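So the protein sequences, as listed, match chains A and B. Letter by letter, the first sequence follows residues 1 to 354 of my numbering. Letter by letter, the second sequence follows residues 1001 to 1354 of my numbering. Virtual Cβ for every residue (Gly too), placed ideally from N, Cα, C. Since the model is a prediction, treat every value here as computed from it, not as a measurement. Note sheet for the following structure.
2 protein chains.
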Amino acid sequence: MSTQGLSATDALTKAPTQADVARVAQVSRATVSYVLSGRRGGPISVAEETRQRVLRAAEQLGYQPNAAAQTLRLRSSRSIGVTIFDLNNPHSWQIVRGVDQEAKAQGYSLLLISTIMNAERERESVRELLRRRIDGLILTQTHHNQLKKEFQILSRQHSAVVLLGNQTEDLPDLDTVTPGHGDGAVQMMQHLLELGHRRIGFVFGVAAKPLGSERMAAYCRLLHNAGVAPDESLVEYCGVTIADGYEAALRLLQCRPRPTAILVINDLLAIGVLHAAAEQGLRVPADISVAGFDDIDMAPYLNPALTTIRVNAEEVGCMAVRLILDRVRTPDRPPQHVCVPARLIQRDSTGPAP
Amino acid sequence: MSTQGLSATDALTKAPTQADVARVAQVSRATVSYVLSGRRGGPISVAEETRQRVLRAAEQLGYQPNAAAQTLRLRSSRSIGVTIFDLNNPHSWQIVRGVDQEAKAQGYSLLLISTIMNAERERESVRELLRRRIDGLILTQTHHNQLKKEFQILSRQHSAVVLLGNQTEDLPDLDTVTPGHGDGAVQMMQHLLELGHRRIGFVFGVAAKPLGSERMAAYCRLLHNAGVAPDESLVEYCGVTIADGYEAALRLLQCRPRPTAILVINDLLAIGVLHAAAEQGLRVPADISVAGFDDIDMAPYLNPALTTIRVNAEEVGCMAVRLILDRVRTPDRPPQHVCVPARLIQRDSTGPAP
DNA sequence: TTGAAAGCGTTACCAG
DNA sequence: CTGGTAACGCTTTCAA
């Protein structure tokens, strides 16, 4: 049955397989595998002359190993899944960039990204990733409590899971990467308090309740320490879009007395806040200060340049990948929790209280 | 050897397979496949009672079909690859969003994204995608001339390719989606000329030569039609980052007489241009007008809100997916070229020439 | 150093 | 309607 006469060029109707390469190179399929993989187990040495012949044949045929077959055989896809909650936020992409770089650097050359907008789609996306037999999963800002079952399945598949930017309470024993937003919020509040601000508004736009609570906690605590009575009307809850931030700011700017500073949950929403201020004829920072979190790419180029808290997002992504790979290699290690430090980036959107 | 006694719960060391489900449900593996796939060929009907038993067993075991095995068997991974040139540009994400939505809607539930920064990495990324046996590949702004070989391989694998936002000259016979930037540039130039602008600068920041040439052509042509002599010093070539746009704008603003308007290749760079203008103490649009392309999410919230050309990016992504799927179903159809129209979005960054 | 052969988990064909 | 069984393309052990 074997179509012996198949030449190098006429198999145009089908992707070439290892067997085709073997035939052209006049060797066995095993030899082809040895030459082209040469992964672990050291070099199962094969004669240089043969090696070259195989390489040439593969090149000539445009042979690409079938990843599905490899995955099936090796029980590993050498890939990492990532779920991103808000694809619209540039900060998310900074993280993805970090993940991508580190994954590629570690030979986990491919990155599967799946976008999610709500808990239901999140489940579905994670399941899809499960089916692909990913070696690890990085979840950002997830409703992890709804994914218990998926975590079980993953662990049975020996896949690693890293949670990124989530609260670490009442959690399964997972590795986590935590951006130092809490500490950053402390720095920012100190900065604002030193500038003399006392009426400080907070635009709190998050996708789900517990996210950003560390920032909220720092905000409340430092106000309290400064002897400022809490004022509910200065905290505006809203969604995650720029428009949400804009509208929240409009509401905040109608408070009397007006806040002299507005802390915004992230830089994206801060863009909306800056716009609202400008629209109301307020000068930033002369009339009101505005500050954000994340230090997204455009933060230095907004008008005015935005004071913010920077957490190196690429490092966050990179650390997540490392935790994944560490766990793949050492499955029984105790859970690790790494924190990526934050620091204040002072620009032109904050100034002395008027 | 077959571990007959394996109960539903103690197989914790390995992902459950179809065989496990079959054993628990007391049916054959084929039956499990029929129940859980039920894809094409119509319903290979199976008794409702049996069906339920299988479903229950699968649920109980947390069974997820192994996608690698399915891909191997079906010769299709039901996935689409996308390469994005500049992950930093929000416009790219808009496109990805469109691709993601449409792909999911069509049952191509997973989206593989691979980021590239240069021609070499692009080749490598595409090869990786090839190995995964993607059903289709969407290339945005690619150096397609360097990928001839990969295209051959793809076509042999019966994978579809769509080029997005590329010049369509001297091209293999590929399907393309072209954003209407050329026409948009015409609209924008008309808008600026009507406002009385004659000295119009152009910040031309692209990753590779031919990209954006349709905008350049429109710019030159309309200036010429308006009787304005070309002025090389008004065109600034630069890279693709906000910083590049900022610096290009600084150079442009030093021209004497100063341009009264600046056309920017995209909104991202326009952010840098707006910042440069503000920094130089220029009021936009009173002293100088600024306009971009893409209508990224933040465009309406910049200070001032940015006049721009909108090409519905999600639609672009969506069309790309449709072209892919059409071709998968009808491989021998002649190449299709769809164009997504552009329209002027007039905001506050353009006004009468001073 | 090279070749033969046994799976990996699925699907789909062909008998019962 | 259900149950064997042969691929799919690859890696890897075991013999030669």
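Residue i, DSSP secondary structure in three states
{"i": "B/C1220", "result": "helix"}
{"i": "A/S355", "result": "Nothing can be reported for residue 355 of chain A, as the shown portion of chain A is limited to 1 through 354."}
{"i": "A/P16", "result": "coil"}
{"i": "B/C1318", "result": "helix"}
{"i": "B/A1069", "result": "helix"}
{"i": "A/G281", "result": "coil"}
{"i": "B/G1081", "result": "strand"}
{"i": "A/V161", "result": "strand"}
{"i": "B/R1215", "result": "helix"}
{"i": "A/L193", "result": "helix"}
{"i": "B/V1264", "result": "strand"}
{"i": "B/L1087", "result": "coil"}
{"i": "B/R1327", "result": "helix"}
{"i": "B/L1302", "result": "coil"}
{"i": "A/I113", "result": "strand"}
Below-7 Å beta-carbon distance, residue i vs any chain A residue
{"i": "B/N1266", "result": "no"}
{"i": "B/G1042", "result": "The pLDDT assigned to B/G1042 is 47, lower than 50, so where the model puts this residue is not dependable; a value taken from the coordinates is nonetheless given after this. Chain A, which has no Cβ nearer than 7 Å to the Cβ of B/G1042, makes this no."}
{"i": "B/I1324", "result": "no"}
{"i": "B/A1067", "result": "yes"}
{"i": "B/A1278", "result": "yes"}
{"i": "B/T1308", "result": "no"}
{"i": "B/T1071", "result": "yes"}
{"i": "B/N1312", "result": "no"}
{"i": "B/L1130", "result": "yes"}
{"i": "B/M1189", "result": "no"}
{"i": "B/D1297", "result": "yes"}
{"i": "B/I1113", "result": "yes"}
{"i": "B/H1275", "result": "yes"}
Whole-number beta carbon distance between residue j and residue i, since they are thought to touch under 8 Å
{"i": "A/V240", "j": "A/A291", "result": "About 18 Å; that fails the 8 Å criterion."}
{"i": "B/S1092", "j": "B/I1134", "result": "The Cβ separation is near 19 Å, so there is no contact."}
{"i": "B/T1071", "j": "A/A68", "result": "4 Å"}
{"i": "B/A1286", "j": "B/I1309", "result": "About 22 Å separates the two Cβ atoms, so there is no contact after all."}
{"i": "B/A1313", "j": "B/I1095", "result": "5 Å"}
{"i": "B/L1302", "j": "B/L1274", "result": "6 Å"}
{"i": "B/L1234", "j": "B/F1202", "result": "6 Å"}
{"i": "A/Y197", "j": "A/S289", "result": "Residue identity check: residue 197 of chain A is His in the sequence provided, not Tyr. Contact flag correct, Cβ pair sits at about 6 Å."}
Residues near residue i by beta carbon distance below 6 Å, same chain, minus five either side
{"i": "A/P16", "result": "L61, Y63"}
{"i": "A/V32", "result": "Q18, V21, A22, V54"}
{"i": "B/R1051", "result": "V1035"}
{"i": "B/T1182", "result": "Checking the sequence, you will find Gly at residue 1182 of chain B rather than Thr. Excluding positions up to five away in sequence, the list reads E1214, A1218."}
{"i": "A/R251", "result": "E236"}
Extent of the continuous beta strand (DSSP E) run through residue i
{"i": "B/T1178", "result": "1175-1179"}
{"i": "A/H337", "result": "337-340"}
{"i": "B/I1426", "result": "Residue 1426 of chain B lies beyond the residue range present for chain B, which begins at 1001 and ends at 1354; the question has no answer from this structure."}
{"i": "A/I309", "result": "307-311"}
{"i": "B/L1139", "result": "1136-1140"}
Residues near residue i by beta carbon distance below 7 Å, same chain, minus five either side
{"i": "A/P335", "result": "D173, L174, D175"}
{"i": "B/D1086", "result": "S1092, A1207, V1240"}
Residue i - containing alpha helix (DSSP H), residue span
{"i": "A/F151", "result": "148-156"}
{"i": "B/E1232", "result": "Neither: B/E1232 is in no alpha helix (DSSP H) and is coded neither H nor E."}
{"i": "A/S125", "result": "119-131"}
Spatial neighbours of residue i in its chain, beta-carbon cut-off 8 Å, leaving aside the 5 residues before and after
{"i": "A/E315", "result": "G98, V340"}
{"i": "B/Q1346", "result": "H1191, T1307"}
{"i": "B/P1304", "result": "L1274, V1284, P1285, R1347, D1348, S1349"}
{"i": "B/R1056", "result": "A1025"}
Any chain B beta carbon closer than 7 Å to residue i
{"i": "A/E157", "result": "For clarity, residue 157 of chain A is Gln in the given sequence; the question names Glu instead. Taking Cβ atoms only, chain B reaches closer than 7 Å to A/Q157, which makes this a yes."}
{"i": "A/T142", "result": "no"}
{"i": "A/Q18", "result": "no"}
{"i": "A/A15", "result": "yes"}
{"i": "A/R333", "result": "no"}
{"i": "A/Y356", "result": "Past the boundaries of the shown model lies residue 356 of chain A; chain A is included only from 1 to 354, so the question cannot be answered."}
{"i": "A/H181", "result": "no"}
{"i": "A/R78", "result": "no"}
{"i": "A/H91", "result": "no"}
{"i": "A/Y301", "result": "yes"}
{"i": "A/Q146", "result": "no"}
{"i": "A/H197", "result": "no"}
{"i": "A/Q4", "result": "Model confidence at A/Q4 stands at a pLDDT of 37, short of 50, so the residue's coordinates are unreliable; what they give is reported in the following sentence. No, its Cβ sits nowhere closer than 7 Å to a Cβ of chain B."}
Residue i CB to nearest heavy atom of the ligand FMN below 6 Å
{"i": "A/F202", "result": "Because no ligand of any kind appears in the structure shown, any question about the ligand FMN cannot be addressed here."}
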